[in-house]
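Participant: All residue numbers for the sequence shown refer to our numbering, where the first residue is 1400 and numbers rise by one.
Quick reminder that beta carbons are idealized off the backbone N, C-alpha and C, glycines included.
I'd like to ask some things about the structure below.
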Amino acid sequence: MEGLEAKGIVGPYALLGVGLAVRRGEWVALLGPNGSGKSTLLRVMAGLLRPRAGGVFLEGKPLRAYGSYARGRLLAYLPQGGPYPEGLLVEEVVRLGRLPHLGLWGRE
């Protein structure tokens, strides 16, 4: 399977037995009330929180098998709270995540 997959996640806060598969190029929206675990799930899937059980897989490999550089080339996490520079468009803020991967002339 290509993409990101979370199997049987039991997280430190609000997650219990969560399963989700996102194929390359798919768009997914996580909806739910406050405190339902949306942000926790995203943090686990980005590798920022370690689940107590289950696992996260990227391109079919466990997320923990990737070094931080390789993982950063394949996925990004943009928290809603910022802080972000004032005056930037949403697209510009999102593109800031690519800066570490751009060469001298702004190409990957």
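#1: Let's see if you can read the secondary structure: which residues bound the alpha helix (DSSP H) around G1471?
#2: DSSP state of G1453, grouped into three classes?
#3: Given 8 angstroms as the limit, is there contact between the stretch 1461-1475 and the stretch 1444-1451, that is, 3 or more CB pairs closer than that?
#4: Starting from L1440, trace the alpha helix (DSSP H) in both directions and tell me its first and last residue.
#5: If you draw a straight line from the alpha carbon of V1421 to that of V1427, how long is it in whole angstroms?
#6: Taking the continuous alpha helix (DSSP H) assigned at R1422, which residues delimit it?
#7: In terms of residue numbering, what span does the alpha helix (DSSP H) encompassing V1427 cover?
#8: Does the Cβ of L1457 have 16 or more other Cβ atoms within 10 Å, making it buried, or fewer, making it exposed?
Facilitator: With the given structure in hand:
#1: Unbroken alpha helix (DSSP H) run through G1471: 1467-1473.
#2: In the three-state reduction of the DSSP assignment, G1453 falls in the strand class, which pools E and B.
#3: Enough Cβ pairs lie closer than 8 angstroms, so yes.
#4: Counting along the chain, the alpha helix (DSSP H) containing L1440 begins and ends at 1437-1444.
#5: Those two C-alpha atoms are separated by around 7 angstroms.
#6: Looking at the DSSP string, R1422 is not in any alpha helix (DSSP H); the run it does join, the beta strand (DSSP E), is 1415-1422.
#7: That residue, V1427, is in no alpha helix (DSSP H); it is neither H nor E in DSSP.
#8: Buried is the call here.
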